[in-house]
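Have a look at the structure below, then the notes.
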Amino acid sequence: MSFFQKLFQHVTDDKGYKGASAETGYFGTVKADPNFNAQNDAEKLKKAIETKGVDEAAIIEVLAKRSNAQRQQIKAAYQQSAGKLLADELKKALKSHLEDVVLALLMTPSEYDAFEMRRAMKGLGTKENVLSEILGTRTNKEITALKNSFKEVYRETLEEDIKHDVSGNLENVLLSLCKATRSEDRKIDDGLAKSDAKALFEAGKNRIGTVCSVLIDILTNRSEAQLCKIFQYYGQFSKDGLAKDLQSELSGDFEDCMMTLVKVAWNKPAYFAEKLQHAMKGFGTNNDTLIRIIVSRSEIDLLKIMQEYKRMYGKTLQEAIQSETKGDYEKILLVLCGSP
0 MSFFQKLFQH VTDDKGYKGA SAETGYFGTV KADPNFNAQN DAEKLKKAIE
50 TKGVDEAAII EVLAKRSNAQ RQQIKAAYQQ SAGKLLADEL KKALKSHLED
100 VVLALLMTPS EYDAFEMRRA MKGLGTKENV LSEILGTRTN KEITALKNSF
150 KEVYRETLEE DIKHDVSGNL ENVLLSLCKA TRSEDRKIDD GLAKSDAKAL
200 FEAGKNRIGT VCSVLIDILT NRSEAQLCKI FQYYGQFSKD GLAKDLQSEL
250 SGDFEDCMMT LVKVAWNKPA YFAEKLQHAM KGFGTNNDTL IRIIVSRSEI
300 DLLKIMQEYK RMYGKTLQEA IQSETKGDYE KILLVLCGSP
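Heads up, the sequence shown is in numbering that gives the first Met the number 0, so the first residue is 0 and it goes up one at a time.
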């Protein structure tokens with residue numbers, strides 16, 4: 000039985016499980032260097048790039064141990080002193096997955112989200128799960144910044160690209176999330192939660208054919224705290240619970256997107272931990288997912304994700320990375336996870 004199946008069994012029990020707690024504090028693994036000097040770091044990188052054979056260890060030491068804001072200052076200092084773009088020089092100097100991680104670290108968070116969204120929609124086939132992951136886990140502020148970066152870099156709106164690449168109910172839910180108007184209020188409206196729970200039941204389990212517009216409206220507009228309360232009340236109408244009902248009523252990428260919203264509301268770090276496990280289990284590693292989650296969450300909640308990973312799978316995320324990766328690629332991921 001999966002972690003989330005076990006988790007959802009507690010929705011209606013006497014303990015009144017409320018999902019992940021809203022702790023305050025910093026839960027990133029990457030912190031700003033207190034002795035930061037952008038010019039010095041730019042010089043270190045220049046020397047590392049120009050060294051015969053390239054000094055990958057020095058590049059990792061600088062970029063993986065600086066905050067994103069500091070990396071942006073390093074980029075500016077490098078361009079001013081060397082007259083070249085740091086990203087271009089590193090792209091020529093590095094290769095494979097180490098290059099992918101380093102280039103991701105050099106983008107701002109919104110630029111990286113935009114890059115990943117664009118990449119998911121271009122080329123052969125659309126990676127719908129990436130679209131659901133990013134739009135389903137970002138705050139309103141982050142989605143707005145993502146849209147602005149997308150327009151600035153690609154000269155198109157994110158919504159236009161989604162309409163071109165996705166259709167049906169999945170298109171509707173992604174466009175709804177793109178509005179970045181979802182409630183983020185921690186206060187719970189008990190009456191609304193009861194009526195929403197009933198509406199969800201009436202729209203799906205209690206009728207032939209699912210009214211997807213009702214599901215989309217509630218899951219994309221209510222706050223995560225409000226959704227947790229809705230899920231609890233839903234148990235009064237259905238013995239199986241919302242998660243199981245959605246899985247029986249829906250299918251494909253739309254089901255995946257709806258389940259993303261449900262899992263994220265209950266426990267966002269656990270959702271990412273599960274994604275990381277899926278990226279590393281079985282034959283071959285999904286390095287795109289591994290890199291995207293570790294880089295994008297390294298200054299947000301990677302510590303919590305690592306805690307959930309250990310709880311869910313009985314081993315540390317670092318141990319999993321060591322078994323799936325090697326060389327400088329392994330080293331930079333471990334440093335981003337907080338290893339010295």
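Using N, Cα and C, we set each Cβ at its ideal position, and we do this for glycine too.
For Gly-203, no alpha helix (DSSP H) encloses it, and the DSSP letter there is neither H nor E.
Cβ neighbours of Glu-248 within its own chain (closer than 6 Å, five residues either side excluded): Gly-203, Thr-209. In terms of Cα proximity to Glu-127, the closest of Lys-193, Asn-171, Val-213 is Asn-171. With a cutoff of 9 Å on beta-carbon distance, Ala-179 and Lys-228 are scored as not near each other. Excluding five sequence positions before and after Phe-149, the CB atoms of its chain that fall closer than 6 Å to its own CB belong to Ala-113, Leu-157, given in chain order. Comparing alpha carbon positions, the residue from Gln-235, Phe-230, Gly-283 closest to Asn-266 is Phe-230. Collapsing the DSSP output to three states places Cys-256 in a helix. The shortest CA-to-CA distance from Arg-221 to any of Asp-239, Asp-189, Glu-183 is the one to Glu-183. Asp-327 sits in a helix when the DSSP states are folded into three classes. With contacts defined as CB atoms closer than 9 Å, Val-61 and Asp-40 qualify as a contacting pair.
With a minimum length of 4 residues, the unbroken runs of alpha helix (DSSP H) contained wholly in the region 220-285 fall at 223-233, 241-248, 251-279. Ranked by Cα distance from Lys-51, the first of Leu-93, Ala-86, Ser-66 is Leu-93. Excluding its 5 nearest sequence neighbours in each direction, Lys-146 has C-beta neighbours in its own chain below 6 Å: Leu-157, listed in chain order.
Glu-318 is the residue among Asp-244, Val-263, Ile-304, Glu-318 whose C-alpha sits nearest the C-alpha of Lys-280.
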